[in-house]
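S.K.: Encoded as structure tokens, here's the structure I'll be asking about.
In full-length UniProt numbering, the protein residues as written are 1 to 272.
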């Protein structure tokens, strides 16, 4: 590998503050929003559908602008980072790897991320590029800024449909991280296992995979190690998006469908 590109939400940045702020804005308990987000994730839905259950027909983008105008817009600081982010990015740079942070988010989210002064060569968001995941244009931009061949560029993310599958379709290598609701729920789905060049439970696993001696090294096939224990945790104002392919969530959305004895399909478009 020559370049490692990281997703933001639930890969580098915890979404706790994001969803808590939406609950406070809508005047509902934070647990209610977290539970509805979990229901959307389990159904392979766009997580913002959780907000539309609470406010049917709500335009999430317009609501985000209203929050900002009221002084309750996006905010991000060091406490929003997962604790392994800064040390691992720094260690990967010592291996001679180019580090890029590129995920879905607003221009404001990009400003907040860059203000954290992460050990990265580039920090950029989808709004700044004018292309959002899982669109191929986003990953074309990833390749432009990578400075390396697709097979020497690794994209690391939690979301099968927004990160893993489109990265692979674009010719990149891909690592799936078991982190956040999507990362945990879909980690062991056969399509995720098949598509991922590697599956990790934490960023701290990456330096060893990429060659702890400082030499660039090809990523190995996925290991058969047991999956890490699930730690449910609820970057930018705009959460990761998925194509809406199914009917709206019911008003009384709960957990995963009871009839899901068979392995459900992971979220998003076909991996063909």
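Each residue gets a CB set at the ideal place from its N, CA and C atoms; glycine is no exception.
On a predicted model such as this, the values are computed, not experimentally measured, just so you know.
Short of 6 Å in beta carbon distance, which residues of its chain neighbour residue 171, apart from the five on each side in sequence? Order them along the chain.
M.R.: Counting from one through the chain shown, the residue named residue 171 turns up at place 171. Contacts found: 150.
S.K.: So is residue 10 buried or exposed if we call it buried at 16+ other beta carbons inside 10 Å?
M.R.: Taking the chain shown and counting its residues from 1, the one referred to as residue 10 is at position 10. By the 10 Å Cβ count, residue 10 comes out buried.
S.K.: Where does the unbroken beta strand (DSSP E) through residue 122 begin, and where does it stop?
M.R.: In the chain shown, the residue the question calls residue 122 occupies position 122. Residue 122 -> beta strand (DSSP E) spans 122-125.
S.K.: In this structure, does DSSP put residue 198 in helix, strand or coil?
M.R.: Mapped onto the chain shown, residue 198 falls at position 198. Residue 198: strand per DSSP, three-state reduction.
S.K.: Is it buried or exposed for residue 193, if we count other Cβ within 10 angstroms and need 16 for buried?
M.R.: As a working mapping, residue 193 is identified with position 193 in the chain shown. The residue is exposed, with fewer than 16 neighbouring Cβ atoms inside 10 Å.
S.K.: Within the continuous beta strand (DSSP E) that includes residue 3, where are the two ends?
M.R.: Counting from one through the chain shown, the residue named residue 3 turns up at place 3. 3-6 is the extent of the beta strand (DSSP E) around residue 3.
S.K.: Is it true that the CB of residue 164 sits closer than 7 Å to the CB of residue 112?
M.R.: Mapped onto the chain shown, residue 112 falls at position 112. Mapped onto the chain shown, residue 164 falls at position 164. No, they are not a contact pair.
S.K.: Tell me which residues share the same chain as residue 148 and place their Cβ nearer than 6 Å to its Cβ, disregarding the 5 neighbours each side in the sequence.
M.R.: Counting from 1 along the chain shown, the entry for residue 148 is found at position 148. Cβ neighbours of residue 148 beyond the five flanking positions: 2, 3.
S.K.: Of the choices 184, 55, 89, whose alpha-carbon is the least far from that of residue 116?
M.R.: Translated into positions along the chain shown, residue 116 becomes position 116. For residue 116, the nearest C-alpha among the options comes from 89.
S.K.: Counting Cβ pairs, one atom from each stretch, are 3 or more of them under 8 Å apart for the region 20-32 and the region 119-135?
M.R.: Touching, no, given that fewer than three Cβ pairs across the two stretches are closer than 8 Å.
S.K.: Below 8 Å on the Cβ atoms is my contact criterion, and I expect residue 173 with residue 82 to pass it. Report the Cβ-Cβ distance as a whole number of Å.
M.R.: The residue given as residue 173 occupies position 173 in the chain shown. The residue given as residue 82 occupies position 82 in the chain shown. Not confirmed; about 22 Å, so no contact.
S.K.: Considering just the uninterrupted stretch of the alpha helix (DSSP H) at residue 79, what are its terminal residues?
M.R.: Taking the chain shown and counting its residues from 1, the one referred to as residue 79 is at position 79. Looking at the DSSP string, residue 79 is not in any alpha helix (DSSP H), and its letter there is neither H nor E.
S.K.: Applying the criterion that 16 or more other CB atoms from any shown protein chain within 10 Å of the CB defines a buried residue, is residue 184 buried or exposed?
M.R.: Indexing the chain shown from 1 puts residue 184 at position 184. Its Cβ being crowded by 16 or more others within 10 Å, residue 184 is buried.
S.K.: Whose C-beta lies closer than 6 Å to the C-beta of residue 166 among residues of the same chain, with five residues either side of it excluded?
M.R.: Reading the chain shown from its first residue, position 166 is the one you call residue 166. The residues are 134, 139.
S.K.: Rounded to whole angstroms, what's the CA-CA distance from residue 49 to residue 132? Just pull it up for me.
M.R.: Translated into the one-based positions of the chain shown, residue 49 becomes position 49. Translated into the one-based positions of the chain shown, residue 132 becomes position 132. If you take the alpha carbons of residue 49 and residue 132, they lie about 18 Å apart.
S.K.: Return the chain-ordered list of same chain residues with a C-beta closer than 6 Å to the C-beta of residue 84, the five sequence neighbours on each side being excluded.
M.R.: For the purposes of this step, residue 84 is identified with residue 84 of the chain shown, where counting begins at 1. Answer for residue 84: 202, 203, 204, listed in chain order.
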